[in-house]
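**Student:**
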Amino acid sequence: MIAPHRKHALWLAYALHRASGLALAVFLPVHFYVLSLALTTDGRLDDFLIWSDQPLVKFAEFGLIFLLAIHFFGGLRLMALEFLPWSPRQKTYAAFALAGSFFVSCTFLLSAA
Amino acid sequence: MSADGRILKISVWRSGADADAGSFQDFQVPANQHQTVLDVVSWIQQNQDPSLSYRFACRVGMCGSCAMMVNGKPRWTCRTHVKKVLEDGFMRIEPLRNLPVIKDLVTDMDPFFDKWIAAEGVFHPTKSRHDAFASIKPDNPARIEANKAVECINCAVCFAACDVVANNADYLGPAALNRTWSLVNDARDGGQAARLQAISQSGGCHNCHSQQGCTNFCPNELNPTASIAGLKRKTIATMFKRGQHA
Ligand code: HEM
Ligand code: SF4
Ligand code: SF4
Ligand code: FES
Numbered sequence: 001m002i003a004p005h006r007k008h009a010l011w012l013a014y015a016l017h018r019a020s021g022l023a024l025a026v027f028l029p030v031h032f033y034v035l036s037l038a039l040t041t042d043g044r045l046d047d048f049l050i051w052s053d054q055p056l057v058k059f060a061e062f063g064l065i066f067l068l069a070i071h072f073f074g075g076l077r078l079m080a081l082e083f084l085p086w087s088p089r090q091k092t093y094a095a096f097a098l099a100g101s102f103f104v105s106c107t108f109l110l111s112a113a
Numbered sequence: 001m002s003a004d005g006r007i008l009k010i011s012v013w014r015s016g017a018d019a020d021a022g023s024f025q026d027f028q029v030p031a032n033q034h035q036t037v038l039d040v041v042s043w044i045q046q047n048q049d050p051s052l053s054y055r056f057a058c059r060v061g062m063c064g065s066c067a068m069m070v071n072g073k074p075r076w077t078c079r080t081h082v083k084k085v086l087e088d089g090f091m092r093i094e095p096l097r098n099l100p101v102i103k104d105l106v107t108d109m110d111p112f113f114d115k116w117i118a119a120e121g122v123f124h125p126t127k128s129r130h131d132a133f134a135s136i137k138p139d140n141p142a143r144i145e146a147n148k149a150v151e152c153i154n155c156a157v158c159f160a161a162c163d164v165v166a167n168n169a170d171y172l173g174p175a176a177l178n179r180t181w182s183l184v185n186d187a188r189d190g191g192q193a194a195r196l197q198a199i200s201q202s203g204g205c206h207n208c209h210s211q212q213g214c215t216n217f218c219p220n221e222l223n224p225t226a227s228i229a230g231l232k233r234k235t236i237a238t239m240f241k242r243g244q245h246a
């Protein structure tokens, strides 16, 4: 349940930004570890890439890309809010960030399929 | 007022022996066509329980003393129409969030006002009565910025809406920082260095996450988030300027 005083678009944008930031912090080390496999152990990256070709894993990657995209676009919105002259269209920008993130991550999903 | 026969179900927070611990008490209040939340609270106090404590003064949205939580959202009760906030004929009325409760619906506003002082939300004059008036043109950009922030009635609705206030006891809060921003843009003020120092510290403007609960609920349609963003820019610009001298 979301408390009544939080039920507005920009609070939800904030919550999404925090959740995606924390999720990135958890997943990025794993991501870099996997990349490091390419440099260190023979064949293990290939094993991993074969594993990651499964549809479920592809779908999880879609989630990751979505998180990165929403955090990136949402972060840009926050920095624009704080450093550029004020614009009253904050909700529109938050919606654009969401739409942009879906676009980027769905493009990945379609090209992976 | 014309009663239309409907009955409102109202649940009001009552303090126990210990002011912070208490429980809800239910009341049935006759509905009227043009009825504010404050009218409902006053009706209960006048007709059902004279010991109910609450605070108001002007009843026209000037004094900022009547704010309460209504169905979980902070509102100025004297100018909030019941029909705007009623949910299924029901209204839950609580003291303002993020402030200590004195009794029932009355909060202790001291922490709120102490933070105005801590945020250097006070004017530091540079002239005496013997000097000529400062002349500031209405189209002066700083004056335009100050104008946008100046109509605050100190109601603490924004303070109650802000989750950073709830989670960080040191955070100065939207109203105090909004006030600071109007003074940062006041050419007559002589205390700018101390002011920027005060709001750059832990608990200052950089603690704001731009959630905009304050802006969403401010009954005077002020925009504390924009004011705080202004302070963020100002403090960062000042930091770079200082860096050049060091
Ligand atoms: C892609 C470029 C990125 C941009 C433009 C960006 C931007 C931002 C901004 C502006 C904030 C402050 C939000 C606030 O004040 O509430 C923030 C918070 C945060 N970021 Fe990022 N970020 C980026 C990448 C990342 C990455 C890769 C991670 C993971 C390691 C990350 C983790 C976080 C976390 C945990 C927070 C704290 C969330 C919060 O305070 O609510 N960010 N980011
Ligand atoms: S914008 Fe800043 S001050 Fe306003 S409610 Fe959000 S965190 Fe609090
Ligand atoms: S900024 Fe708005 S909500 Fe906050 S104290 Fe002033 S008038 Fe009330
Ligand atoms: S009673 Fe003065 S603002 Fe509501």
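One line per chain: the protein sequences are A and B, in this order. The first sequence stops at residue 113 when you use the numbering used here, and every number in between is there. The second sequence stops at residue 246 when you use the numbering used here, and every number in between is there. Glycine included, C-beta positions come from ideal geometry on N, C-alpha and C.
(1) Going by DSSP, what residue range makes up the beta strand (DSSP E) through A:Asp53?
(2) Should B:Pro224 be counted as a contact of ligand 2 given a C-beta to heavy atom distance under 6 Å?
(3) For ligand 3, I want to know if B:Ala175 counts as a neighbour, meaning its beta carbon is within less than 6 Å of at least one of the ligand's heavy atoms.
(4) Do A:Ile70 and A:Ser101 come within 7 Å of each other at the CB atom, strictly closer than that value?
(5) Nearest to B:Leu86 by CA position, among B:Gly72, B:Asn185, B:Arg97, is which residue?
(6) Assign B:Pro125 to buried or exposed, taking buried as 16 or more other Cβ atoms, counted over all protein chains shown, within 10 Å of its Cβ.
(7) Which residue comes first and which comes last in the beta strand (DSSP E) that contains B:Gln28?
(8) Going by CA-CA distance only, name the one from B:Asn185, B:Gln211, B:Cys63, B:Gly230 that's closest to B:Cys140.
(9) For the beta strand (DSSP E) that B:Ala67 lies in, which residues bound it at each end?
(10) Hey, how far is the Cα of A:Ile65 from the Cα of A:Ser105?
(11) Got a sec: is the Cβ-Cβ distance from A:Leu98 to anything in chain B below 7 Å?
(12) Taking the alpha-carbon positions, what's the B:Val157 to B:Pro219 distance?
(13) Give the interface partners of B:Ala67 over in chain A, defined as CB-CB distance under 7 Å, in chain order.
(14) For B:Phe90, does the three-state DSSP call read helix, strand or coil?
(15) Can you list the residues of chain B that A:Ala3 reaches, using a CB-CB cut of under 7 Å?
(16) When you compare only the Cα positions, how much space is there between A:Val34 and B:Thr180?
(17) If we count the other Cβ atoms within 10 Å of its Cβ and call it buried at 16 or more, is B:Cys152 buried or exposed?
(18) Please confirm if A:His31 has its CB atom under 7 Å from at least one CB of chain B.
**Tutor:** In this structure, then:
(1) No beta strand (DSSP E) holds A:Asp53; DSSP gives it neither H nor E.
(2) Yes, the Cβ of B:Pro224 comes within 6 Å of a heavy atom of ligand 2.
(3) True, at least one ligand heavy atom lies under 6 Å from that Cβ.
(4) Taking C-beta atoms as the reference points, A:Ser101 and A:Ile70 count as a pair closer than 7 Å.
(5) For B:Leu86, the nearest C-alpha among the options comes from B:Gly72.
(6) So B:Pro125 ends up on the exposed side.
(7) DSSP places B:Gln28 inside the beta strand (DSSP E), whose first and last residues are 22 to 32.
(8) Reading off the sequence, residue 140 of chain B comes out as Asn, not Cys. In terms of CA proximity to B:Asn140, B:Asn185 leads the group B:Asn185, B:Gln211, B:Cys63, B:Gly230.
(9) Where B:Ala67 is concerned, the enclosing beta strand (DSSP E) stretches over 67 to 70.
(10) Rounded to whole angstroms, A:Ile65 to A:Ser105 spans 5 Å at the Cα level.
(11) Not one chain B Cβ lies under 7 Å of A:Leu98.
(12) Between the C-alpha atoms of B:Val157 and B:Pro219 there is a straight-line separation of about 8 Å.
(13) Counting only Cβ-Cβ distances below 7 Å, B:Ala67 has no contacts in chain A at all, with the closest Cβ about 13 Å away.
(14) Reduced to three states, the DSSP call for B:Phe90 is strand.
(15) Within chain B, the residues near A:Ala3 are Gly72.
(16) Rounded to whole angstroms, A:Val34 to B:Thr180 spans 49 Å at the Cα level.
(17) It is buried - the Cβ of B:Cys152 has at least 16 other Cβ atoms within 10 Å.
(18) For A:His31, the answer is no, since every Cβ of chain B falls outside 7 Å of its Cβ.
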